[in-house]
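Position 133, counted from 1, in the sequence shown is what this note's numbering calls 135; the numbers after and before it change by one each time, with no gaps.
Glycine included, C-beta positions come from ideal geometry on N, C-alpha and C.
Written out below as structure tokens is the structure these notes cover.
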Amino acid sequence: MIKKMEQIELFKMFCGNDGIRPVMLLPFEWDGKIYGTDAHKLIRCDKTFLEFELTNSYKPINAEACIPKINCNRIVANKLEDFDVFKTEDELIKNGEDIECSECDGEGEVEWEYRHHSKMDDCPVCNGSGFSSESRLVPTGKKTFPQYAYLTIDGVFFNINIFKSIFEAQKIIGEEIISLNKVETYKPAFFRIGNYEFVIMPINNSEDDKPLLAISFRD
């Protein structure tokens with residue numbers, strides 16, 4: 003069994019960061035299993051295998067409803083390093099923090115007055131941005147995948163930037179990736195790695211989209 007901090011890191015990879023859906027910000031329990039999801043990818047594990055405590059105070063969602071049926075048992079032949087050749091874009095990370103301008107309360111405009119006249123115009127403190135301090139994207143010196151990079155499973159398209167989480171999870175868990183279903187159009191892919199199960203949602207691709215590779219399997 004992987005260590006507590008590794009378990010936390012594993013679930014963090016699959017939880018959301020959208021404040022509109024706060025239940026997805028942290029792992030939650032449903033029917034004896036612990037889930038983490040951002041609506042594009044999902045991880046779940048029986049709670050008896052986990053050591054960390056849940057801190058999510060929101061009502062859990064029935065994530066079990068999106069788990070596909072098992073109809074095969076295939077070992078994924080690809081490895082994380084197989085994807086390195088497709089990393090052609092500069093990796094960028096967010097540096098700094100967005101701090102709302104206190105003069106205009108983040109609106110970017112204030113009321114200007116001249117004698118008996120007034121009008122709304124750009125805030126002189128933030129120059130109309132709405133922020134007294136803004137984050138920026140800076141290069142890390144590493145390469146990453148293009149935003150719209152795809153692979154296929156059974157002919158169904160998946161975004162590599164989402165799907166790579168499966169291989170990053172394998173690196174932490176240290177066991178084979180097992181494909182549990184033959185994927186159909188618009189249907190999610192289902193995997194198991196050790197005691198953990200994963201779901202990845204496909205994308206709606208156009209006829210012009212070209213996959214960089216197809217996931218392969220071995221006996």
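Three-way DSSP call (helix, strand, coil) for residue i in this model
i: I162; result: helix
i: K14; result: helix
i: A151; result: coil
i: P213; result: coil
i: M7; result: helix
i: S167; result: helix
i: M26; result: helix
i: K81; result: coil
i: I195; result: strand
i: I205; result: coil
i: I175; result: helix
Inter-residue spacing [alpha-carbon to alpha-carbon] between residue i and residue j
i: R99; j: K89; result: Sequence check: residue 99 is Glu here, not Arg. Distance between the alpha carbons of E99 and K89 is about 27 Å.
i: V263; j: V185; result: Nothing about residue 263 can be read from this structure; the chain reaches only from 3 to 221.
i: R194; j: S137; result: 38 Å
i: E113; j: C68; result: 51 Å
i: G196; j: L52; result: 13 Å
i: L82; j: I174; result: 12 Å
i: Y37; j: I63; result: 9 Å
i: A216; j: Y188; result: 17 Å
i: E178; j: A65; result: 24 Å
i: I95; j: P70; result: 34 Å
i: T39; j: E31; result: 12 Å
i: Q149; j: N19; result: 18 Å
i: E11; j: C17; result: 10 Å
i: K166; j: T142; result: 19 Å
i: I77; j: D221; result: 7 Å
i: G130; j: G176; result: 50 Å
i: I180; j: E111; result: 55 Å
Reference residue i; option with closest CA among the options
i: I45; options: M26, S59, T57 and S104; result: M26
i: E209; options: E109, G157 and T142; result: G157
i: P204; options: N163, E177 and Y198; result: N163
i: Q9; options: P24, S120, P29 and D20; result: P29
i: K14; options: I155, T57 and I22; result: T57
i: G108; options: N75, T146, S134 and F192; result: S134
i: K61; options: D84, F85, D33 and I180; result: D33
i: F192; options: L214, I155 and N97; result: I155
Beta-carbon spacing of residue i, residue j below 7 Å
i: G169; j: A79; result: Note that residue 169 is Phe in the sequence shown here, rather than Gly. Contact: no.
i: Y116; j: D211; result: no
i: I202; j: K5; result: no
i: C103; j: V140; result: no
i: N73; j: N161; result: no
i: Y198; j: C47; result: yes
Worksheet item: What runs of the beta strand (DSSP E), each 3 residues or longer, lie entirely inside the stretch 86 to 112?
Response: 91 to 97
Discussion item. Suppose only complete runs of 3+ residues qualify. What are the beta strand (DSSP E) ranges in the stretch 40 to 64, listed by chain order?
Written reply: 43 to 48
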